[in-house]
Every structure is written in C-alpha cells, then in structure tokens.
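*Asks:* Residue numbers (my numbering): 1 to 395. Glycine included, each C-beta is placed from N, C-alpha and C at the ideal position. All values derive from a computational prediction rather than experimental measurement.
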C-alpha cells in the first residue's frame, strides 16, 4: 500500500474532538491525528522523513534511538521567507520534574536495596529501574552523586569551588535553568531545523553535562508539507515501554484522541515484535472491533527490499529456484497472515460485522526510505518487488 493511500484511509476514519494547544487548522476542518509507534531500529524516523519528502527532519541513527521525546508534526500555514520550518519546545515545570525525579530515584534505590548494591549501580537492563536510572544519568550526567532526590532538585550553588568538586553541578544548573522555559527555532530548511532542535531531544546520554531530553514536553514541528495541509497531524511517539511517567501519560492521551495508529516494524522481526504485541492487548483489539474502526490501525513493515532469496525460500518451504519477486510476495503473505492470526487471538471470534472495515497492513521498501530515485536498474527491480498492496481483511 502506498503511503498516500494510507493517509487517505486514515482521513476516512471517524474523528474525535480534541482540546489543547491552538493549532493552525481552518475552522471548517477538524484535525486528523496519526500516531506512529515503533521500537528502536524499526525505521520510524526514516519512514516519516520519506513521507514528508525530507532527507533530514527527524534525526536518525542505525545504532540507537535518536529521539526520546514526543514530536508532533504539522503543516505550516504561516510561512515566511526564511521561516518555512519552525520548532517549538517546552520544558517540564519545576513541580513536574520534581515528581519525575522523586519517582525515578525511589525506583532505583528500591531495586538497589533488593539487590544489595549501591544506589548508583546500574539495575538490570529492560527493567523499569534501569529506565529510571538511565533517565537520571541522562539529565545529570555520568558523574551524578546518588545522595538523595532532594539533593538533585536543590538549586545549584554558585560557588565555583562547589562546581569544581561536583562534576554534575553543571548538569544540575543546565536542567534547573531550562525548567518551565520554552525555545523556538525558525529556519528555511528541514536539515537546519533538525540540527537545532535535535540537541534538545537526542537520547544520547554520554556527556558529563547531561542532556535535556528528560525534561522536554512534546515538540511541535511545522513545515511546508503539502501532504499535511488538510489539517493532518503526525505524532512520532517514543512508545509506552519506558519509565517516563509524564511522557507515558501524554502518549496514552494522544492515543485516545488519535484517528489512526501506525505500528512500524522491521519486516524481519515484525511477527515477533514485542512493541507491536504490547500495543494490542485484547481489550484494545476488542474495542476496535466493536466500534467498527479496524481500518484505523495500520501495520507498516519497513526494509522489505532487504531479502536473502535462499533464506526466505528455505523458511517458507519454497522451491530452490524461486525468484526474488516470489520470495518477496511469499514473505509479505506470511507476515500478513501471522499478524491476522495474532490480532484475532484473545478477542471475540464473531467478526462478521467488521466487513468493509479492514485492518490495514502496508509494506515500505528501504530504497524508498533512502529517497532512491531509481537511477539504477537494480533499484527499479527492487521497487517492482514491493509495489503490491497488503490489505488485511479480518472478516
């Protein structure tokens, strides 16, 4: 399914009323919100960059997650020369950050006490305590002192001797100065905007002076993207698997108001993607069925042109001399059927009334994400392999 077709399908879904920040939406149109979720390495940022026709708007990295903040993307209806692209970043209030720090610090200390180790020791990965520990170190730097939450939250001392003796004091000062503040950028290119705002949302946390992303509220990007001109809003969400309670609550609220949810996964692990499975608890699936809005949930498999013919042929029991095109179609069909079976598991089997409201499943090939212009024969061949539409009917 082409991405433009996905947008058309999403806009045909029932629209929910929304309140909050004033938006550049004509009074006769109600915003359509599309929330995009995916795990690290799923290709979410590349997908959205390609969808908007930009080489670099959302930061990307093949080795780690780049964005740890919610990013909302809208059409800029008030463009000015040199300010076609804008970004607005708001930071948590002092009270919000205090609640975050105290909750995270308590979680880390509780885990350390159970394990019989010092509070500063790294908890096991893939645990809420490790996420909390990682967030605090990201904010206050690797040199932070694990004394108490109140010590972290106290206004930094201006005493230069104290700054010299406590390496994390500079990070504390930086965090303290940004709380309850906001920053705006205006540029004439997406790449320049990315360079400026990404400093506030990049998830890398190896600096002694800390990072700002733990205290960032949803970031609002606006630009000259015609595909969003008819009051469409994209929301790039980091997901619900982390332990950022404030951000977690915002994501859940956005999901409740969304017209469509795109679940993005690398095709090689789409069937077993934990994030995709966690996003589909039985109650959520049953609600989609009962409301007749299965079409508002879209699965997108990226990098479907990354294929090893012999490997796919063996796994799917295809003939040894099968073509790459047949392998691609076979893998897509397998992906579609497995997702359908997983979706039906745990919900009422009576889906007769869902006819005409299909669960959509689309595949996106990596050459498109790389903005390939099909200059080479191989690229043209790969593009032909993955033009087929994957519409998944659950009726």
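When you compare each of 92, 86, 237 and 197 to residue 176 by their alpha carbons, which one comes out closest?
*Replies:* Position 176 of the chain shown, counting from 1, holds the residue named residue 176. Cα-wise, what sits closest to residue 176 is 92.
*Asks:* Put residue 397 into one of helix, strand or coil per three-state DSSP.
*Replies:* The structure shown has nothing for residue 397, since the chain only spans 1 to 395.
*Asks:* What span of residues does the alpha helix (DSSP H) with residue 169 cover, start to end?
*Replies:* Sequence index remark: in the chain shown, residue 169 carries index 169 (1-based). Run containing residue 169: 169-178, per the alpha helix (DSSP H) assignment.
*Asks:* Take the Cβ of residue 236 as the centre, count every other Cβ of all protein chains shown within 10 Å, and call the residue buried at 16 or more, exposed below.
*Replies:* Here the question's residue 236 lines up with position 236 in the chain shown. By the 10 Å Cβ count, residue 236 comes out buried.
*Asks:* Looking at residue 139 and residue 111, is the spacing between their C-beta atoms short of 9 Å?
*Replies:* Here residue 111 refers to the residue found at position 111 of the chain shown. Here residue 139 refers to the residue found at position 139 of the chain shown. Not a contact, by the Cβ cut-off of 9 Å.
*Asks:* Output yes or no for whether 9 Å exceeds the beta carbon distance between residue 328 and residue 312.
*Replies:* As a working note, residue 328 is residue 328 in the chain shown. As a working note, residue 312 is residue 312 in the chain shown. Yes, these two residues count as a Cβ contact at 9 Å.
*Asks:* Rounded to whole angstroms, how far is the Cβ of residue 76 from the Cβ of residue 223, which I believe are closer than 8 Å?
*Replies:* As a working note, residue 76 is residue 76 in the chain shown. As a working note, residue 223 is residue 223 in the chain shown. Their Cβ separation, rounded to whole angstroms, is 5 Å, which keeps residue 76 and residue 223 in contact under 8 Å.
*Asks:* Looking at the secondary structure, which residues open and close the alpha helix (DSSP H) in which residue 399 lies?
*Replies:* Residue coverage of the chain in this structure runs from 1 to 395, which leaves residue 399 outside it and unanswerable.
*Asks:* Return the residue from the list 85, 56, 156 and 38 that minimises the CA-CA distance to residue 188.
*Replies:* Residue mapping note: residue 188 aligns to position 188 of the chain shown, counting from 1. Residue 188 has its Cα closest to that of 85, out of 85, 56, 156 and 38.
*Asks:* Considering only the beta carbon of each residue, do residue 57 and residue 194 sit closer than 9 Å?
*Replies:* On the chain shown, residue 57 is found 57 positions in, with the first residue counted as 1. On the chain shown, residue 194 is found 194 positions in, with the first residue counted as 1. Yes; because the gap between Cβ atoms is below 9 Å, this pair is in contact.
*Asks:* Terminal residues of the continuous alpha helix (DSSP H) containing residue 91?
*Replies:* Along the chain shown, one-based indexing puts residue 91 at 91. Looking at the DSSP string, residue 91 is not in any alpha helix (DSSP H), and its letter there is neither H nor E.
*Asks:* Are there 16 or more other CB atoms within 10 angstroms of the CB of residue 169, so buried, or fewer, so exposed?
*Replies:* Position 169 of the chain shown, counted from the start, is the residue given in the question as residue 169. Under this definition residue 169 is a buried residue.
*Asks:* In the DSSP assignment, what are the bridge partners of residue 262?
*Replies:* Within the chain shown, numbered from 1, the residue matching residue 262 stands at position 262. Answer is 36 and 298.
*Asks:* Only counting the same chain, and skipping five residues up and downstream in sequence, which positions put a Cβ closer than 6 Å to that of residue 69?
*Replies:* For this step, residue 69 is matched to residue 69 along the chain shown. Within the same chain, residue 69 has close Cβ partners 201, 213, 216 and 219.
*Asks:* Tell me the residue span of the alpha helix (DSSP H) that contains residue 134.
*Replies:* The sequence position of residue 134 within the chain shown is 134, counting from 1. From DSSP, the alpha helix (DSSP H) with residue 134 extends over 128-140.
*Asks:* Can you tell me the Cα-Cα spacing of residue 88 and residue 136, whole angstroms?
*Replies:* Start at 1 with the first residue of the chain shown, and residue 88 comes out as number 88. Start at 1 with the first residue of the chain shown, and residue 136 comes out as number 136. C-alpha separation (whole angstroms): 24 Å.
*Asks:* Please say whether residue 307 and residue 396 have beta carbons closer to each other than 9 Å?
*Replies:* The structure shown does not extend to residue 396, since the chain is modelled only from 1 through 395, so no value can be given for it.
*Asks:* Should residue 482 go down as buried or exposed, given a rule of 16 or more other Cβ atoms within 10 Å for buried?
*Replies:* The chain is shown from 1 up to 395; residue 482 falls before or after that span and cannot be answered.
*Asks:* Could you tell me the boundaries of the alpha helix (DSSP H) in which residue 322 lies?
*Replies:* The residue given as residue 322 occupies position 322 in the chain shown. Careful: residue 322 lies outside any alpha helix (DSSP H) and carries neither H nor E.
*Asks:* How far does the alpha helix (DSSP H) with residue 310 in it reach, from first residue to last?
*Replies:* On the chain shown, position 310 is the one that residue 310 refers to. Unbroken alpha helix (DSSP H) run through residue 310: 309-315.
*Asks:* On the three-state DSSP scale, how would you describe residue 189?
*Replies:* Residue 189 sits at position 189 when you count from the first residue of the chain shown. DSSP places residue 189 in coil when its eight states are reduced to three.
*Asks:* Going by beta-carbon coordinates alone, are residue 303 and residue 272 separated by less than 9 Å?
*Replies:* Within the chain shown, the letter at position 303 stands for residue 303. Within the chain shown, the letter at position 272 stands for residue 272. Result no, Cβ atoms of residue 303 and residue 272 do not sit closer than 9 Å.
*Asks:* Helix or strand or just coil, what does DSSP make of residue 57?
*Replies:* Here residue 57 corresponds to residue number 57 of the chain shown, with the count starting at 1. If DSSP states are grouped into helix, strand and coil, residue 57 belongs with coil.
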